[in-house]
Amino acid sequence: MSRRFDLHTHSTASDGTQTPAQLVADCATRGLWAMALTDHDTVDGVEEARQAGDRLGVIVLSGVELSAAFAGELHILGYGVDSSDEAFCVFLRRQREERELRMPRMIARLRDLGVNIAREDVDRETRGEAPGRPHLARALVRLGVCGSEQEAFDRFLAREKPAYVSRSLPSTREAISAIRAAGGRAVLAHPVCISLSQQELAALVAEFARCGLWGLEAFYPEHSDAFARAMLGICRRTGLVPTLGSDCHGPGRGVPPAAGWERFGSMIPQETYDTIEALATHRRSN
Ligand code: AMP
Ligand code: ZN
Ligand code: FE
Ligand code: FE
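Positions 5 to 290 (this note's numbering) are the ones given, in order, by the sequence shown.
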């Protein structure tokens with residue numbers, strides 16, 4: 005039996021284009037056994053996703069994606085956090101406030117570049133959620149400034165591009181600690197996005213493991229087979245659980261749910277399934 009899963013997805017609770025319920029329905033249609041909703045800096049979509057999962061027979065894990073400062077930034081996924089944990093809620097709120105502070109600065113940069121865009125144009129895309137660069141990219145497409153979201157990143161919004169503004173971020177250690185203190189498990193997302201050699205990456209992951217990192221997203225659509233195998237090797241040597249995530253943000257925006265499964269499904273160890281079961285059971289007993 006194929007137990008297809010995807011532990012990295014985004015909904016309209018952050019910068020995805022499908023509501024949590026639509027996303028879970030998409031996962032159900034594709035025959036997924038389990039998924040995690042991992043919106044940026046919020047768990048607000050999880051309850052809706054769970055209700056849809058219960059209805060449609062898909063295991064839905066609670067998740068979140070945090071950004072941390074590291075040579076630019078890296079991302080930490082958190083699974084099974086207690087959403088009523090006061091300190092964690094404060095931590096998430098602070099991250100979202102930083103997003104709110106950054107957006108007017110990016111809009112000002114664009115205006116300096118001669119792009120006629122207003123905050124309301126972005127608000128139309130965020131619909132009340134904390135703003136991210138994809139919302140701004142969508143606003144630029146809607147205004148006809150760019151032909152696609154990717155073009156908006158390539159011309160203006162990617163790191164090193166003229167409208168990019170950084171925001172204040174926690175350290176990786178702080179991000180991992182915040183997840184653990186709220187009863188969650190921390191996983192390093194898309195290691196391919198960290199510009200380090202495999203040897204340097206192995207040393208970094210070992211250091212994070214000593215700080216309480218629990219897993220590594222070894223299987224990610226942008227990983228080559230060889231890179232994924234190397235990440236699996238790092239997991240074995242450091243005792244981390246390898247996970248698979250697509251980073252799907254909705255139709256028309258990159259990859260669909262469970263992207264990467266065809267290539268990586270056969271490489272996923274039993275341990276990964278066992279931990280998904282354990283996370284799902286933990287939820288049912290709560
Ligand atoms: P933010 O959290 O506001 O910094 O935006 C991060 C999101 O923007 C990521 O989750 C991606 O969806 C998207 N993103 C970041 N860099 C790029 C890029 N170079 N090209 C396309 N999308 C990107
Ligand atoms: Zn995103
Ligand atoms: Fe990410
Ligand atoms: Fe993501």
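Beta carbons are placed, not taken as given, at the ideal position from N, Cα and C, and that holds for glycine. Keep in mind it's a predicted model, so treat the numbers as computed, not measured.
At least one heavy atom of ligand 2 falls within 8 angstroms of the beta-carbon of residue 20. Close CB contacts of residue 143 within its chain, under the 8 angstroms cut and outside five residues either way in sequence, are with 121, 125, 126, 128 and 129 (chain order).
Residue pairing by DSSP puts residue 219 in a beta bridge opposite 191 and 245.
The continuous stretches of beta strand (DSSP E) do not include residue 271, and DSSP gives it neither H nor E. With 6 angstroms as the limit, the residues whose C-beta approaches a heavy atom of ligand 4 more closely than that are 12, 14, 69 and 251, in chain order. Between ligand 1 and residue 103, a heavy atom-to-CB distance of less than 8 angstroms is present. One Cα belongs to residue 205, the other to residue 198, and the distance between them is close to 8 angstroms. With fewer than three CB-CB distances shorter than 8 angstroms, the segment 41-56 does not count as touching the segment 263-283. In the structure shown, the three-state DSSP call for residue 133 is coil.
Put simply, the backbone Cα of residue 131 is about 14 angstroms away from that of residue 100. Secondary-structure assignment with DSSP links residue 69 through a beta bridge to 44 and 81. Only residues of its own chain outside the window of five on either side were considered, and among them 12 have a CB closer than 6 angstroms to the CB of residue 251, listed in chain order. Cβ-Cβ separation between residue 68 and residue 85: approximately 6 angstroms, consistent with a contact (criterion under 8 angstroms). Within the same chain, and ignoring the five residues on either side of residue 19 in sequence, the residues whose Cβ sits closer than 7 angstroms to its Cβ are 44, 136, 138, 139 and 253.
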